[in-house]
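Quick note: this note's numbering has the sequence shown finishing at residue 271, numbered continuously throughout.
Just so it is clear, CB atoms sit at the ideal spot from N, CA and C, and this is done for glycine as well.
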Amino acid sequence: MKYIVANWKAHFNLEELHAWIHEFSTLPLNKLVDEVEIIICPPYPFLHLINEKLYHSTIKIGSQDVSSLEPGAYTGEVVAESLIGIVDYAIVGHSERRSHFSESEEVIAKKCDRALKNHIRPILCVRNNSDVIYPSARLVAFEPVEAIGTDSNMPIEEVLKIRALLTLGAEQKFLYGGSVQQDNATEYLSSLDIDGVLVGGASLKPQELFSIALAAKV
């Protein structure tokens with residue numbers, strides 16, 4: 054199985070979202086094989102709509118984050134229990150969350166555990182081989198900070214060096230993220246040691262996301 058995770062970050066309004074869904078729905082999704090899974094991670098307000106319009110065997114839904122807290126009086130938090138039945142995955146520990154919101158390893162560990170406890174598969178993002186990999190993570194996405202949003206992806210040889218330094222469980226999958234685009238995705242996805250990619254800006258374009266997914270048919 055190859056995983057294509059589309060992280061939309063804080064993009065799209067409702068009108069733009071409908072346009073994206075319409076364009077993506079016109080693409081020949083039947084060309085995607087069963088061994089490819091696209092995981093779309095939109096902003097929170099659009100999770101239900103994406104789930105309703107696009108969810109099927111090839112396309113799953115993920116949240117861009119999940120609270121480390123249990124249900125309670127926590128204004129603004131989105132707890133894992135609220136996401137049950139809406140998402141299959143949750144991104145945890147993205148470098149932008151670590152830097153902009155000062156998320157600690159303790160918080161990230163709790164988020165992974167809270168997600169998995171509620172049958173949501175954590176996609177744990179790590180910046181280097183020094184970041185902790187938690188047993189509860191199901192997908193581990195290596196995203197070198199210097200490659201995020203820069204159009205400067207890390208050469209696959211360097212990615213595989215980091216991969217060799219990580220201690221992954223038998224069931225944990227390894228993904229690469231960092232300026233993944235249509236013209237470089239095949240190189241990563243053709244490697245037997247890379248189980249998928251985490252896509253940022255390129256996933257905002259339906260055709261480009263589809264082309265990246267097609268590149269996984271190797």
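- [ ] Give the C-beta separation of S121 and K170 to the nearest angstrom, bearing in mind that I take them to be a contact with Cβ-Cβ under 8 angstroms.
- [x] In the sequence shown, the residue the question calls residue 121 occupies position 68. In the sequence shown, the residue the question calls residue 170 occupies position 117. Their Cβ separation, rounded to whole angstroms, is 12 angstroms, which puts S121 and K170 out of contact at 8 angstroms.
- [ ] With a floor of 4 residues, list each alpha helix (DSSP H) that falls wholly inside the region 131-190, ordered by position along the chain.
- [x] Whole alpha helix (DSSP H) segments, 4+ residues: 133-136, 148-153 and 158-170.
Open item on the list: Please classify M207 as buried or exposed, where buried requires at least 16 neighbouring CB atoms within 10 angstroms.
Closed with: The residue labelled residue 207 in the question sits at position 154 within the sequence shown. Its Cβ being crowded by 16 or more others within 10 Å, M207 is buried.
Task: F154 burial status per 10 Å Cβ neighbour count (16 or more: buried) - done: By one-based count along the sequence shown, residue 154 stands at place 101. Classification for F154: exposed.
Task: Close Cβ partners of V140 (< 7 angstroms) along its chain, the five nearest in sequence each way excluded - done: Your numbering for residue 140 matches position 87 in the sequence shown. Here the set comprises L100, I114, G115, S116 and I173.
Open item on the list: Measuring only the C-alpha atoms, how far is L147 from V179?
Closed with: In the sequence shown, the residue the question calls residue 147 occupies position 94. In the sequence shown, the residue the question calls residue 179 occupies position 126. The question names Leu, but residue 147 in the sequence shown is His. Spanning the two alpha carbons is a distance of roughly 7 angstroms.
Task: L251 vs V119 beta-carbon contact at 8 angstroms - done: On the sequence shown, residue 251 is found 198 positions in, with the first residue counted as 1. On the sequence shown, residue 119 is found 66 positions in, with the first residue counted as 1. No, the pair does not count as a contact, with Cβ atoms beyond the cut-off.
Task: Coil, strand or helix - A194 by DSSP - done: The residue labelled residue 194 in the question sits at position 141 within the sequence shown. Strand, per DSSP.
TODO: Have a look at N104 and Q260 and give me their C-alpha separation to the nearest angstrom.
DONE: Here residue 104 refers to the residue found at position 51 when the sequence shown is read from its first residue. Here residue 260 refers to the residue found at position 207 when the sequence shown is read from its first residue. Whole-angstrom Cα-Cα distance: 19 angstroms.
- [ ] Taking the CB atoms as reference points, tell me whether R191 and P175 lie closer together than 8 angstroms.
- [x] Walking along the sequence shown from the start, residue 191 turns up at place 138. Walking along the sequence shown from the start, residue 175 turns up at place 122. Cβ atoms of R191 and P175: closer than 8 angstroms.
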